[in-house]
DNA sequence: GCAATGACTGGTA
DNA sequence: TTACCAGCCATTG
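Residue numbers (my numbering): 1 to 108.
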């Protein structure tokens with residue numbers, strides 16, 4: 001097991017803070033922390049994501065992590081996450097990172 | 001230091 | 001939805 005970097009701890013901590021029924025994109029996490037980028041977040045998840053609700057972390061288009069598509073669907077379905085077919089409805093499920101009330105964005 | 005890789009993202013076709 | 005391209009940045013060899 002590789003040593004957990006301080007950056008990884010921030011990522012994992014944030015992922016654990018994501019409320020059920022909500023999700024965050026890799027880029028959102030990186031932007032929220034203000035460090036690294038979506039690739040770094042993905043690396044953290046791939047290495048230490050096994051100890052956090054990784055299914056709440058998805059791509060910017062709502063697609064789940066590779067190799068866990070079916071697994072994510074099961075969790076989302078169990079948490080009541082707004083789905084869009086086999087993908088998450090980011091416009092509804094995207095978490096602001098501190099505003100659990102800002103679930104619905106300006107939509108037409 | 002350079003080249004390759006990766007659980008990424010946005011735009012275009 | 002899928003495919004291709006350019007940008008992004010840390011890790012690895």
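A virtual CB, placed ideally from N, CA and C, is assigned to each residue, including glycine.
Since the model is a prediction, treat every value here as computed from it, not as a measurement.
Residues of its chain near residue i, where Cβ-Cβ distance is below 6 Å and the 5 sequence neighbours each way are ignored
{"i": "residue 64", "result": "58, 72"}
{"i": "residue 21", "result": "79, 80, 81"}
{"i": "residue 37", "result": "30"}
Buried/exposed call for residue i, threshold 16 Cβ in 10 Å
{"i": "residue 13", "result": "exposed"}
{"i": "residue 94", "result": "buried"}
{"i": "residue 62", "result": "buried"}
{"i": "residue 25", "result": "buried"}
Backbone CA spacing between residue i and residue j [nearest angstrom]
{"i": "residue 19", "j": "residue 7", "result": "21 Å"}
{"i": "residue 28", "j": "residue 77", "result": "22 Å"}
{"i": "residue 9", "j": "residue 68", "result": "22 Å"}
{"i": "residue 49", "j": "residue 82", "result": "22 Å"}
{"i": "residue 75", "j": "residue 84", "result": "14 Å"}
{"i": "residue 42", "j": "residue 92", "result": "22 Å"}
{"i": "residue 86", "j": "residue 55", "result": "13 Å"}
{"i": "residue 39", "j": "residue 33", "result": "14 Å"}
{"i": "residue 11", "j": "residue 98", "result": "15 Å"}
Residue i versus the options, residue with shortest Cα-Cα distance
{"i": "residue 47", "options": "30, 67, 96, 3", "result": "3"}
{"i": "residue 111", "options": "45, 37, 80, 39", "result": "Residue 111 lies beyond the range of the chain shown here (1 to 108); nothing can be said about it."}
{"i": "residue 80", "options": "11, 5, 23", "result": "23"}
{"i": "residue 60", "options": "88, 5, 40, 74", "result": "88"}
Start-to-end residues for the alpha helix (DSSP H) that takes in residue i
{"i": "residue 31", "result": "26 to 33"}
{"i": "residue 11", "result": "6 to 17"}
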